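Following this note's numbering, the numbering of the sequence shown begins with 2 at its first residue and continues without gaps.
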Amino acid sequence: MNTKSIILASTSPFRKSLLEKLNISFTCAKPETDETPKLNETPQAHVERLAIDKAAAVAKQSPESIVIGSDQVAVCDNEILGKPHTFENAVKQLTQFSGKKVTFYTGLCVLNGQNNQVKSLVEPFHVHFNTLSQQEIIDYINSEQPLNCAGSFKSEGLGICLFKKLEGDDPNTLIGLPLIKLVHLLKEFDFNVLANQLTK
């Protein structure tokens, strides 16, 4: 039985609820990182770098732990789109997405604080949007208030009303944490999820 503690380098309630699906013991910590994109940085490089930076920032405070870092952006028309934060920006994002394919890139990093060993990857997920009327967009935003979600929707909720189809290996990726890949990365750090289940 592996006794290393697991820390999720995120205060996102969405990522926390995803990691809880694995039924392992973990804590959450807020990473202090600069999320400004670098000049000419691709979306994939951006999310992978931030996932690593977040994990490294938390590992400095808890060097005995295994730290999980993650970051996500949406890309439409070759433009990187983050969280809308305002109603107006959410309307603008979903109007832009109408009838198009939007790719979400999620960076994932697992870092061993004891030896600073790092494993990281980027997982893509594609969302094909219905052609949306302005009223549908406004009704959706008013109903779900997705202002802190990259892409202005919650796929685990009413966001499914906006979609034509989804393409990807793991639906959890779209919410913010690719659990299938995470289980594999943790195993590479000698942490077996099935061997570390919480008793119910």
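Glycine residues also receive a C-beta, built at the ideal position from the N, C-alpha and C atoms. Computed from a predicted model, the values in this text were never measured in an experiment.
Cβ distance (whole Å) where residue i is taken to contact residue j below 8 Å
i	j	result
residue 23	residue 70	At roughly 16 Å, the Cβ-Cβ gap does not stay under 8 Å, so residue 23 and residue 70 are not in contact.
residue 48	residue 141	Contact flag wrong, Cβ pair sits at about 25 Å.
residue 1	residue 130	Outside the shown range of the chain, which is 2 to 201, sits residue 1, and nothing can be said about it.
residue 158	residue 103	Contact doesn't hold; Cβ gap of about 17 Å is too wide.
residue 176	residue 156	6 Å
Distance cut-off 6 Å: residue i Cβ against heavy atoms of the ligand ADP
i	result
residue 39	Only the bare structure without any ligand can be found here, which leaves the ligand ADP out of the picture.
Pick from the options that is closest to residue i, judged by C-alpha positions
i	options	result
residue 120	52, 160, 73, 176	52
residue 56	76, 150, 117	117
residue 202	181, 26, 177	Nothing about residue 202 can be reported from this structure: the residues present for the chain run from 2 to 201 only.
residue 100	133, 7, 154, 158	133
residue 149	33, 159, 88	88
residue 35	54, 20, 27, 45	54
residue 98	108, 78, 5	78
Whether residue i touches residue j by CB criterion (7 Å)
i	j	result
residue 59	residue 32	yes
residue 197	residue 25	yes
residue 29	residue 43	no
residue 16	residue 178	yes
Practice item. Jot down the residue ranges of each uninterrupted alpha helix (DSSP H) in the region 73-108, minimum 4 residues, whole runs only, in chain order. Key: Scanning the region 73-108 for uninterrupted alpha helix (DSSP H) segments of 4 residues or longer gives 88-98, listed from N- to C-terminal end.
Check your understanding: Touching or not, the region 57-74 and the region 87-103, by the rule of three or more beta carbon pairs under 8 Å?
Key -> These segments do not touch.
Check your understanding: Using 8 Å as the threshold, is the region 112-124 in touch with the region 79-90, meaning 3 or more CB pairs across them?
Key -> The region 112-124 is not in contact with the region 79-90.
**Study point:** Segment contact flag, the region 122-138 with the region 151-166, C-beta cutoff 8 Å, min 3 pairs
**Key:** Yes: the two stretches touch, three or more of their Cβ pairs being nearer than 8 Å.
**Study point:** Complete alpha helix (DSSP H) runs within the region 132-198 (minimum length 4 residues, chain order)
**Key:** Within the region 132-198, the complete alpha helix (DSSP H) runs of at least 4 residues are 135-145, 172-176, 180-189.
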